[in-house]
Structure formats: structure tokens, C-alpha cells
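> Below: one structure in C-alpha cells.
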Amino acid sequence: MALKDLTNITMENNHENICSVIIMVKEPQEETLKSCLKSIDKSMGKKEVIIVTPKPEQIKEMISDFKYIKIVKDEGKGIGIARNIGIASATHEIICFVDPDAIVGPEHFIKIVNEFKKNPQIGILNVEGELSDKIVNSLFNKIQKLELLVWERGRFRKLMKRSEPIFAGGTFLSLRKSVWKEAGGFWVWPPYGADDIDFSYRVYRIGWKCGNVKVRGSFHQPRATLKELYKEQYGWGKGYASIMIKYKNDENFWKCMHFSNIPLIPSSLWYIVPLLRTILAPIGGFINAIKWRKPSFFFYWIFRRYAFLHGLIVGLNEIKQKYKGK
């Protein structure tokens, strides 16, 4: 669904709200969704809360105990479309996405809003959660703890540590609604992950900056089983295939992703670096397992990256078939 198709979606504005919170729910999980909503309800500041879902009746029955939540229907045809519908339905300039299996800390939205107020040049915001060891040890299993290592010490963290970050992660992605309009919204195809990477880069190209804020007590619950992890990484890989093709000849994109600093690879082939890194996952897994003193990380990393590789290969083939003969 294009932006022009969303212009008639309007809702009554409440000027007491500090932001609009959007939760996209494709397959409702009652326990995790209720935990998410409870944390939002307990957080500081009055918010407009919108749930975007292809199953509105099921959600309505599931969250009957919660008041003042707006449920907006979408057809379940992709994460980018769902994001666009949610933002178009929102009445506030500051938009805060929250994954349905995430928890927000008490100051989550206050910190986000204040960061936008202090920095008018920021159009999009990456939100990092800060967790205590007590929460990690009590809530997360071994698989989830290994995933935390990836986010705490991996490439994305290095990208965020640069003096001027460009990319914002999707779990708590926050932005200005006016910037969303200016950038042309989120992509409507493919229906998989990597929409946050694409949108962040397009926001950067039109002159807006990406900010970063840390919030204590906010966290996303990593996939708890290998089956769930495989499904997640497979979807991310399919989405990343579109990133590779879309920005194949955009040298600046690959510089921003820090994939341009390998002397032996010419700039015309920078776009294949992610593919090579994924294939060589056993090497990266071995190095980090030694460095972090986590032998199990070696096997975890190979499984995770090859699930991503499977999705990447399938995604590239889908793109080939989509444009075959054109």
C-alpha cells in the first residue's frame, strides 16, 4: 500500500499525548503481548497506543482488559506496509515502534521524546535497552543469552558507536512522522525484514540524522528456540537480498555499512561482502568464541548465519524470478 493510499486514514488527536506508540502483531501471542502492553501502560507519559494487525477481532478479545488502545487492520502482506498503516493512523508527530515481544522501561518514551526535542536535526532514533544481569539470568535461556552477545558486541553495536550513526534497529525504531512522509514511507516489497536498514539510509540521504538513546529496563526477548531463531534469520536473509540488489551500485551505502574497507575487493563488488561474510561464518564464530570465552557461540553463530544465508539465497532467487523478462 503506497503513501497516497493512506491519506484518508485519520484519528482524533489528543494533545496530551507525548507520542504515538505502534505495535505490529501478525501472529498474536497473548502472554507476551499483554506483558508488552502492561510495560507501556506503566511507563511515564500519556501515549496513543495503536496495534496494527490482520487479526483485529482476535486481538480485541485478547486485550479486553486494556483501555484506550486503537486497533487498525492491515492485510498482513508485509512489515513495511504494516508500519506505513500504523504511522498513517497515528495522530502524533513522534512515532515509537515497539515489538509485541518487547518490554519498555519506565522512562522509555520520555527519553525518546526528549531526545527529539533536544535535537531538531534528528529524524530517526535508535533505542538501546540496558538490562541488569538479574533480568538476563532470570528471563533468558542459553540460546537467548548467546543472541544478546551478538547485539552487545557484534557489527550493529559497532555501527552505532560511530560518531554519527545512520542505522536504527527495528525493535524500538522511533521517528518523526513528517520525516516518514518526506522519505516516502517504508518499502512495500519485500514483505520481510531489513526494512529498517532501507528506511534509515533513505532518511540519511535526504539530510536527516540518526540519533541513539539508551533506556534502562527496555529489552526485546530474543528467540527462545532454534526453530524460532531459524525462522527469524531466514526472513531477515530474504529481506537483505533486496538490500543487496537495491544498493548494488551505491558505493556510499556500503561505506556506511563498513563493507568498503577490504583492500582486495573493488568497489563494484562491495555488495557481495555480506554474502562472503555469511559463507565464512565458521571463521567469525571461531574467533569470537575464543575472544569471548564462549565455546557454544561457535555452533550458535554457524546455525544463525546459515539460516540467514538460506533466506538470502531464496530471496535473491525470488528477485530474479520477479524481474525475469523485464
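Those letters in the sequence shown? Residues 445 to 770, per the numbering used here, in order.
Built from N, CA and C at the ideal position, the CB exists for glycine as well.
From a predicted model like this one, the values you see are computed outputs, not experimental measurements.
(1) Quick check on K448: does DSSP put it in helix, strand or coil?
(2) Tell me the DSSP bridge mates of I466?
(3) Let me make sure I understand the geometry here. Which of A733, G520, E537 has the alpha-carbon closest to that of E460?
(4) Name the residue from Y512, G729, I531 whose alpha carbon lies nearest to the alpha carbon of S740.
(5) Between the Cα of I579 and those of S662, S712, F611, spot the shortest distance and give me the residue it belongs to.
(6) For R646, which option in V659, D694, F703, H754 has the closest C-alpha, if you only look at C-alpha atoms?
(7) Applying the 10 Å Cβ sphere with the 16-neighbour rule, what's the burial state of L756?
(8) Do G567 and R649 count as a contact pair if the criterion is CB distance below 8 Å?
(9) Going by C-alpha to C-alpha distance, which of N528, V542, I503 sits closest to S483?
(10) Determine, using beta carbons only, whether D518 and V493 come nearer to each other than 8 Å.
(11) Pull up the distance between the alpha-carbon of A546 and that of N761, whole angstroms please.
(12) Can you give me the start and stop residues for the beta strand (DSSP E) that S618 sits inside?
(13) Would you report the Cα separation of N558 and N585, rounded to the nearest angstrom?
(14) Quick check on this structure: which residue in Y636, P498, K690, I641 has the alpha carbon closest to the alpha carbon of Y678?
(15) Can you tell me whether F510 is helix, strand or coil according to DSSP?
(16) Does W633 pass the burial test, meaning 16 or more other C-beta atoms within 10 Å, or should it be called exposed?
(17) Terminal residues of the continuous beta strand (DSSP E) containing G573?
(18) How many Å lie between I467 and G530 at the Cα?
(19) Under the three-state reduction of DSSP, which class applies to A612: helix, strand or coil?
(20) Could you check the C-alpha separation between P564 and K738 for me, to the nearest Å?
(21) Which of the three DSSP states, helix, strand or coil, is assigned to F743?
(22) Just mark Y744 as buried or exposed, buried being the case when its beta carbon has 16 or more other beta carbons within 10 Å.
(23) By the DSSP assignment, the alpha helix (DSSP H) with G628 in it spans what residues?
(24) Residues bridged to L516 by DSSP?
(25) Should I763 and S712 be called a contact, given that it needs their Cβ atoms to be closer than 8 Å?
(26) Give me, in chain order, the residues of the same chain whose beta-carbon lies closer than 6 Å to that of D509; leave out the 5 immediate sequence neighbours on both sides.
(27) Since K482 is in the alpha helix (DSSP H), which residue starts that stretch and which ends it?
(28) Once you ignore the five residues that flank E456 on each side, which residues in its own chain have a CB closer than 8 Å to its CB?
(29) The alpha helix (DSSP H) that contains G530, what's its start and end?
(30) Can V657 and V571 be called in contact, C-beta distance under 8 Å?
(31) Take H702 as the anchor and find which of P609, E475, E471 has the nearest alpha-carbon.
(32) Could you give the distance in angstroms between the alpha-carbon of T476 and the alpha-carbon of I525?
For this structure:
(1) Residue 448 sits at position 4 when you count from the first residue of the sequence shown. Per-residue confidence for K448 stands at a pLDDT of 46, beneath the threshold of 50, marking its modelled position as unreliable; the derived number appears in the next sentence. Helix, per DSSP.
(2) Locating residue 466 in the sequence shown gives position 22, where the first residue counts as 1. BP columns for I466 point to I494, F541.
(3) Taking the first residue of the sequence shown as 1, we reach residue 460 at position 16. Out of A733, G520, E537, E537 has the C-alpha closest to the C-alpha of E460.
(4) As a working note, residue 740 is residue 296 in the sequence shown. It is G729 whose Cα lies nearest to the Cα of S740.
(5) Here residue 579 corresponds to residue number 135 of the sequence shown, with the count starting at 1. Taking each of S662, S712, F611 in turn and checking the Cα distance to I579, the smallest one comes out for S662.
(6) Taking the first residue of the sequence shown as position 1, residue 646 is located at position 202. The shortest C-alpha separation from R646 is found at D694.
(7) As a working note, residue 756 is residue 312 in the sequence shown. Answer is buried; the Cβ neighbour count reaches 16.
(8) For the purposes of this step, residue 649 is taken as residue 205 along the sequence shown, with counting starting at 1. For the purposes of this step, residue 567 is taken as residue 123 along the sequence shown, with counting starting at 1. It is not a contact, given that the beta carbons lie outside the stated cut-off.
(9) Along the sequence shown, one-based indexing puts residue 483 at 39. Ranking N528, V542, I503 by Cα distance to S483 puts V542 first.
(10) If you number the sequence shown from 1, residue 518 lands on position 74. If you number the sequence shown from 1, residue 493 lands on position 49. Cβ atoms of D518 and V493: not closer than 8 Å.
(11) Taking the first residue of the sequence shown as position 1, residue 546 is located at position 102. Taking the first residue of the sequence shown as position 1, residue 761 is located at position 317. Distance between the alpha carbons of A546 and N761: 33 Å.
(12) As a first step, residue 618 must be located in the sequence shown, where it is residue number 174. Where S618 is concerned, the enclosing beta strand (DSSP E) stretches over 618 to 620.
(13) Position 114 of the sequence shown holds residue 558. Position 141 of the sequence shown holds residue 585. C-alpha separation (whole angstroms): 34 Å.
(14) Taking the sequence shown and counting its residues from 1, the one referred to as residue 678 is at position 234. Ranking Y636, P498, K690, I641 by Cα distance to Y678 puts Y636 first.
(15) Position 66 of the sequence shown, counting from 1, holds the residue named residue 510. Reduced to three states, the DSSP call for F510 is coil.
(16) In the sequence shown, residue 633 corresponds to position 189, counting from 1. With fewer than 16 other Cβ atoms within 10 Å, it is exposed.
(17) As a working note, residue 573 is residue 129 in the sequence shown. 566 to 574 is the span of the beta strand (DSSP E), which, as asked, contains G573.
(18) Within the sequence shown, residue 467 is the residue found at index 23, counting from 1. Within the sequence shown, residue 530 is the residue found at index 86, counting from 1. If you take the alpha carbons of I467 and G530, they lie about 8 Å apart.
(19) Stepping through the sequence shown from its first residue, residue 612 is reached at position 168. DSSP places A612 in the coil class of the three-state scheme, outside both helix and strand.
(20) Taking the first residue of the sequence shown as 1, we reach residue 564 at position 120. Taking the first residue of the sequence shown as 1, we reach residue 738 at position 294. Taking the CA atoms as reference points, P564 sits about 42 Å from K738.
(21) The residue labelled residue 743 in the question sits at position 299 within the sequence shown. In the structure shown, F743 adopts helical secondary structure according to DSSP, grouped into three states.
(22) For this step, residue 744 is matched to residue 300 along the sequence shown. Classification of Y744: buried, given that the 10 Å Cβ count is 16 or more.
(23) Locating residue 628 in the sequence shown gives position 184, counting from the first residue. DSSP places G628 outside any alpha helix (DSSP H), giving it a letter other than H or E.
(24) On the sequence shown, position 72 is the one that residue 516 refers to. It should be noted that the sequence gives Val, not Leu, for residue 516. Listed as beta-bridge partners of V516 by DSSP are V496.
(25) As a position in the sequence shown, residue 763 is number 319, starting the count at 1. As a position in the sequence shown, residue 712 is number 268, starting the count at 1. Between I763 and S712, the C-beta spacing is not below 8 Å.
(26) Taking the first residue of the sequence shown as 1, we reach residue 509 at position 65. Taken in chain order, the list of residues that qualify is empty.
(27) By 1-based counting over the sequence shown, the position of residue 482 is 38. Per DSSP, K482 belongs to the alpha helix (DSSP H) from 474 to 486.
(28) Sequence index remark: in the sequence shown, residue 456 carries index 12 (1-based). With a pLDDT of 44 at E456, under the threshold of 50, the modelled position of this residue cannot be trusted; read the value that follows with caution. Excluding positions up to five away in sequence, the list reads T535.
(29) In the sequence shown, the residue the question calls residue 530 occupies position 86. G530 -> alpha helix (DSSP H) spans 523 to 533.
(30) Within the sequence shown, numbered from 1, the residue matching residue 657 stands at position 213. Within the sequence shown, numbered from 1, the residue matching residue 571 stands at position 127. The answer is yes: Cβ separation under 8 Å.
(31) The sequence position of residue 702 within the sequence shown is 258, counting from 1. For H702, the nearest C-alpha among the options comes from P609.
(32) Position 32 of the sequence shown, counted from the first residue, corresponds to residue 476. Position 81 of the sequence shown, counted from the first residue, corresponds to residue 525. Taking the straight line joining both Cα atoms gives about 23 Å.
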